[in-house]
Each structure stands twice: as C-alpha cells, then as structure tokens.
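Residue numbers for the sequence shown follow numbering that gives the first Met the number 0, so the first one is 0 and each next one is one higher.
All C-beta atoms in this analysis are idealised placements derived from N, C-alpha and C, irrespective of residue type, glycine included.
Computed from a predicted structure; not experimentally measured.
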Amino acid sequence: MCVLLASAQSDTTTMRDSLLTKRIIQSATISKEDNNRNVLLNAANNTSPRDVNIGLPTSVGGITILENDLPVVYFFWPELPSSTWRPGNGLSKTGLLRMNQLSMTMGDLGFAVNSYSQTGTEKFQLKSTFSTSHFGWLQGDVNISGPTILPGWSYTLGAMLNYDPSTYRLGFARNVDDTQIIRAGLTKRFNNDRGQISLLYKYSNSYTLTNFAPFVYEPGGRVTELENFRIGRDSYFVRDGMIRLHDIRTGVTEWESITGNNATSRANNIDVVGNYLLNNDWNFKFSARLHSSRVARTTIFPVGTFVSTAADGYQIAATNDPYEGNISRQLALHTPTTPILSAQGRFSISKKIDNHDLDIGILQQYYHINNYVSNRSFFNQSIEPQPQRLIGPETDTYGFYNYDVGSEYHNGIENKLSLYANDEWQVNDKLKILYGVIIRNHRIWGDYATTPRRTGFTLANSNFQDIRENWLQYGGSANVVYNLTSNVGLTFDFQYNEENRTLEAFSLAEHPRTNKIRSPLGALGVFYNNNFLQLLSQTTFLRRNDYLARLNLVNPTDQTDVQASTVFYDIETLGWTTDLLFKPFEGFSLHYLITLQNPIYKNFTFDAFDTSYDYTNNNVMGVSKVLMEIDPAYTIKKWKLWASFRYFSDQYANLTNVLYFAPRWETFGGVNYTVNKRLNIGVNVVNFFNQRGPSGIINGAELITDATLYYGRLLTGSYMMPFTVQSKISYNF
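The structure is reproduced here in structure tokens:
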C-alpha cells in the first residue's frame, strides 16, 4: 500500500501544471540559504528534489535547480532538469536558496535548489558513494580531485551512474531511470589568493519513466486498492512498451518505443566559473555556460477509465480475443529528437562598504529550440499488471485513435537580459535591511502553427504565424529584520515579480494571452532565538494573475461529450506559518513546521457546453490547507538516527469542490554509522508506515456537482514509493 500523489490529467499543460502548494517561510535572519529543509527527500522517486510550498501552484517544471548560480536547463520542457542534474559527489555544495535571493538575482518567484560543481582541489580528494535498495536500485557516484604537475593548477573528475528499476517490473525493460553523468574540469588559482577560475565539462545521458496506478474512489476521499493490482508494485505501462503515432513533421505513421533513443536526453555542458578580487577590493564573480542537448521524450498518460461489456466489441490487440471489463484510456505523447542550445552568463561585483554589503550584476540567458513537436495519439488498455492494448470501435486496426489531436509545435529563440542591484544594510545593532531591484528585457522570436489540431494535421498543410514579442519586466524585494531585544524581533518581507509568456505557450493554434503576470507578496512575522530554540511565526499574503490551463472537460450531463477549453485565472492565498528548530540537549534536534493557508481562485470564469461557469472564490484543486513537517534527529557517538514526517490535509479534487482526497503522510527515516573519518554506512527507509492516500485532481470530474457519482468508481493516479529500504556506503579520502 502506498501514497497516491497526483491523479491523471488530460493534456501536457494540465499534467505539468498539477496544483501543488509551496510553503512560505522566510528566516528571521538574512541569509542566502535555508539548510534546515529536507528538500532533497522526494517521496515519489530518487530522481528530483521535492517542491517547497509557497501557497501557489508549483512551477510546471518543479522547483528551480541552479548549478553555479545558473539554471541547469533554461526551460524544463522537453529537457527536464533531472536529466542533467542529480545531487551527489560531483557537487561541492547543495542548499535551498531563499525566495528573496531568487527574486533579486533571477527575477523568479519561489525557492530554488542552489548547488556548486566540485572544482579542482589543492590536495588529493576522493569522494565515493554506492547506493542500493531492496528493489534493485544501483547507483555508483565517485569524484576525485587534486593538484596537477603545473603550479597553481588542479583537476576534478567524476561520474554518477544510476540504474533504477523502481518498485515494479516493466514488461519491456529493467530500468525506469537510466542516467549517467560524467564530469571533468581544471581549476587555476591566482597568486596571492585573489581568486580562481575553473573550466568544467559535464556530459549527461538520461531517460526516465513515470508509472501510474488504478484505484477505487470511496466516500470521505479514501481509496481502496484493486484485488488484481498492487499500487506501486505493478507496472501500468502497456507490456510491450510500444505506441503508434502520426509524425506531424513527416506525415508518416509509425511505431515508437517508450525507451531507448525515443525517451533519452543527451547533453554537453561547459561552464566557466570563478571569482577575482580586484585592486579596489571589489570581488568580481562570474559564471558562464554553454549547454547543447538533443532531447527525445515519450510519455504515456492515463486520461480516464470506463467499463466495457461483450456487446461493446473490444478485443485484445495481440490475440484478437474478446475483452470485457475495466478499460483505461491512455494518451501517448512523443517528442522526436529535438536540438536545444542555450548560453547563459551571470557576472557580478560585490563589496562591503561601511555597513552596506553591495552586489551588482548582469544575467544574460539565450535559448534556441529547433522545431519542437509533440505528436499525440490515444489508445485503450486493460487494467491489470503490464496491461494489454485493446482494439475497439473507436480505434484503428492497431488500437489507436485521435491521432494529432492536441499535438504541439513551436520554434524559435528566447533571450533574457537582466540587471540587478542588491544591498544588505546593517542600519544599527537592531535593524538590518536587505533590498534590491531587478530589470529584465525578455524577447521571443520564432513561429507557431495556427491550424487547429485535428486528425491528419501536419506541419506541411499548416499555416504559420511569426512570434515577435519584446517585454520589459520589473521586480523588487525588501526584507527587514528588527530586534526588539537580543532574542526577540520582528520581520517584514515584500516581494514583487513580473513575467510574461514563454515560447512554450505558443505550442497550440491559439495565440496565448501575453499580458503582464504579476506576483506581489507581503509577509509580517515575529521571531525568537536563543541557544536551544529558533522560532519564527509569520503571516503571508500572495497573489498571482493569469494562470493558463488547458482543460479537457467532460459534460456533467453527458459523459461522452468532451470539450477542450483554455482558461485564464488568478490565485490568491493568505497563510500563517510557524517554524521552529529545537535543540534541548546535545545531539538532539527537532525541526517543526506548520502552515495554515487558504488558496482560492479569482476571476475563474469560462464557457463550456453552452453554459457559463464561474469558480471564483472556490478552493484551489490539489492544495492542502494544513501542512506540517516534523523532523527529529539524534546523534550519539558514531550513530545518527533521523526521521522526517510530512502531513498534507484534505485536497479538493475538482473545480466544484465536491470531490476531495483524504489527508496523507509522507514518511522517511534512517540510521547512519560513522565507522571512521573516511567510511560511513547508512540505511534509509521511505514510507515506513506503508501509507496510501491520493492527492491532486480527478480527471474528467472538474464540473461534477454530485459526489456520489464517483463513489466506487475506478480512477488512475501517480503515487508515492511503497515501503522501500535503501542502503548507502560512502568512502572519502
């Protein structure tokens, strides 16, 4: 039994825009990173960091990941950040960048994982780790660094090899995550300790798959497991791993595999990073990156279930035997190999002048994606482990239908040039202010296809429209800390960000709305610190306008009537958060966080099925109003015992708010033993209570007003890993 995390949705925009919450919590002290958060513990997989709640839907690509002060990929789709970045020994440091730091340097809203590559070291250094699990996960991670024969020069060399079958058995391959990352670099240290420069190379080769599971929805937001399908232990991928699509570039219809080259991202990455202390004591810091990749992505995504009888005429495709029973509709998406090129650079100077700590910088980002397409088709499969493809009255002789419906295309260039300036001002012993501004020019050149996406659509018979957009965007942030006493103080935060659409928003036939997207945030809190307790309690208001969702809506009076709708809406949230770190005695620490929030829709209106709908002031789907984190840890001699508990309260599962999912827990724990200063052994457990409980939304139920219609109904969703034991051995020299 395991935790379902997000139910299936009907198109890639909705799929990638699943409404997750993020926590709003700022420290009472001004620092760039928050190291008390277990952000690298992801309950769903071993691949990506978790998302940190801020009370708004998460970025569609998940939490922002930076390496050497630059995003690891310019845009998350089709090249996922996890395809070229993993935590490990190839990094010298990993932390969580605070919201105000991300806002003032990148102009983005939210938290970010902040990491730095391992550079050359003056003394020989070996870092190695081997990880495994009782399901057969294998990961080797090693990095060596040290001096060269040339004075002042040093090297780094490393590799991370990951082979993860996850917790279920595919019918067509061993691994669902097959990733290799190779690193090499040279570092030159300047005389008189004035700085250093590193030339770093990284090669990545990665494919990953995401499994789903069926379950039965029950009153009270609970689910039950099917007798013939173990959630998290059985594969929901069609057993031969093959899909059939019509290529909108060539007009040819052919079979594609969801593994190998059809689902692999390969990238070459060159970074030049370092710093130099100028004669006037300004510190010049620089980070430049050239990133070239060839990305192919194949995904199978459940979009609904139904029950067939013998009279419906469904057959198993492989045998032509009649089939009756539960059926899952599947959406197949395939992006053929797509060249992507990006060049990014961040250059800053900083200096402490009296009681001011100044930082002034330039961020340049260039991105070119060459003729991105996403081919689409639908098929039906049985609901069982390693399902079988079905032929039915709506399909062709291979079992597929609705070719090209919803297919995507865009082509072009994005360029962002940002100027920012920040100042950390220690006004006096009681008052500290961190404030800054950012100005960004965002330009898009390219084209998109304006022909509606129907069966038979190809680029050859499409009309095209040029994209020429040029926006000026502003942002600002202020963080104020005032100490009433040496232990007690007040905090005030204000943050404002602007953005417009990205090139990806032009993927369909309609020209997207490109007006300004604004995100004002305000927070007021009180803190208390002493030798054994750090506490912050804070209220926050946050609003963001012009979210875009492409919904596949089902007529509540006719389940066979489906309509695609593009909806723009705002979200507003008011929250209260209390965060504490308690260290009552040596060796023991307890981190506790509770967040109460109320995210609601604003300006959420649209027309469908000759009816006007208005969901303004309804609760946001997929968002818990109560969040908790409880993280105890105890160290005694060579032993460390730790645990992490995350609580998510009820989550609304449709727009009318009549359907919801019951609360759930995500749990982790582990024991580490330090054999000596070089050798460490650890055992971790994921989901040690073996919990289950879904979250997210129920696809096709957005307009339902009678919850009883879904009691006992079969649904599909993604899930948390089942009870998993992982072991790790690390050797450092």
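Selection Phe-603, Asp-578, Pro-583 and Asn-671 evaluated against Ile-593 yields Asp-578 as nearest (Cα-Cα). CA-CA distance, Ser-127 to Asn-267, rounds to 23 Å. Taking Gln-314 as the centre and dropping the five residues before and after it, the same chain places the C-beta of Asp-320, Pro-321, Tyr-322, Leu-389 and Ile-390 closer than 7 Å to its C-beta, in chain order. Burial state of Thr-576 is buried, judged by a 10 Å Cβ sphere holding 16 or more other Cβ atoms. DSSP places Ser-648 in no alpha helix (DSSP H); its state is neither H nor E. Three or more Cβ pairs drawn from the stretch 639-658 and the stretch 614-629 lie within less than 8 Å of each other, which places the two stretches in contact. Contact annotation: Pro-555 and Ile-696 have beta-carbon atoms that are not nearer than 8 Å. In this chain, the alpha helix (DSSP H) harbouring Met-98 covers 98-105.
By the C-beta criterion, the stretch 511-518 is judged not to be in contact with the stretch 526-536, since fewer than 3 inter-stretch pairs fall below 8 Å.
Comparing alpha-carbon positions, the option among Leu-199, Leu-208, Val-525 and Ile-196 lying closest to Asp-163 turns out to be Leu-208. Scanning the stretch 238-318 from its first residue to its last, the whole beta strand (DSSP E) runs of 3-plus residues come out as 241-245, 252-256, 264-276, 282-307 and 313-315. When Leu-595, Thr-490, Val-72 and Arg-85 are compared, the shortest CA-CA separation from Val-38 is found for Arg-85. Annotation for Ile-242: Glu-255 and Ala-331 place their beta carbon closer than 6 Å to its own, counting only its chain and skipping 5 residues before and after. In this structure, Ala-706 is the residue among Ala-706, Ser-417, Asn-282 and Thr-396 with its C-alpha nearest to the C-alpha of Leu-658. Burial state of Glu-585 is exposed, judged by a 10 Å Cβ sphere holding fewer than 16 other Cβ atoms. An exposed status is given to Pro-150, since fewer than 16 other beta-carbon atoms sit within 10 Å of its beta-carbon. In this structure Ala-317 is in contact with Gln-387, their Cβ atoms being roughly 6 Å apart against a cut-off of 8 Å.
Taking each of Ile-339, Thr-634 and Asn-354 in turn and checking the Cα distance to Leu-289, the smallest one comes out for Ile-339.
Inter-residue distance for Glu-78 and Gly-170 is about 26 Å (C-alpha atoms, whole angstroms). Look at Asn-482 here: in three-state DSSP terms it is strand. One thing to note: Lys-415 has its Cβ no nearer than 8 Å to the Cβ of Gln-494. When the alpha-carbon of Asp-422 is set against those of Asn-401, Ala-508, Leu-357 and Gln-385, the nearest one is in Leu-357. Sixteen is the threshold: since fewer than 16 other Cβ atoms of the shown chains lie within 10 Å of the Cβ of Ser-485, the residue is exposed. Note on the stretch 661-698: whole beta strand (DSSP E) runs with a minimum of 3 residues are 663-673 and 678-685, in chain order. Taking C-alpha positions only, Trp-638 is separated from Val-112 by approximately 28 Å. The continuous stretches of beta strand (DSSP E) do not include Val-38, and DSSP gives it neither H nor E. A straight line joining the alpha-carbon of Gly-135 with that of Leu-552 spans about 40 Å.
Asp-246 is classed as buried because its beta carbon has at least 16 other beta carbons within 10 Å across all chains shown.
Distance between Ser-91 and Tyr-115, taken at the CA atoms: about 6 Å. Put simply, the backbone Cα of Thr-83 is about 7 Å away from that of Ile-180.
Take the alpha-carbon of Gly-716 and the one of Ile-62: they are about 21 Å apart. The three-state secondary structure of Tyr-710, taken from DSSP, is coil.
Beta-bridge partners assigned by DSSP to Gln-562: Leu-552. Under the DSSP assignment, Thr-46 falls outside any beta strand (DSSP E); it carries neither an H nor an E label. A straight line joining the alpha-carbon of Ile-570 with that of Ser-729 spans about 45 Å.
In the DSSP annotation of this structure, the continuous segment of the beta strand (DSSP E) that includes Phe-214 starts and ends at 212-216.
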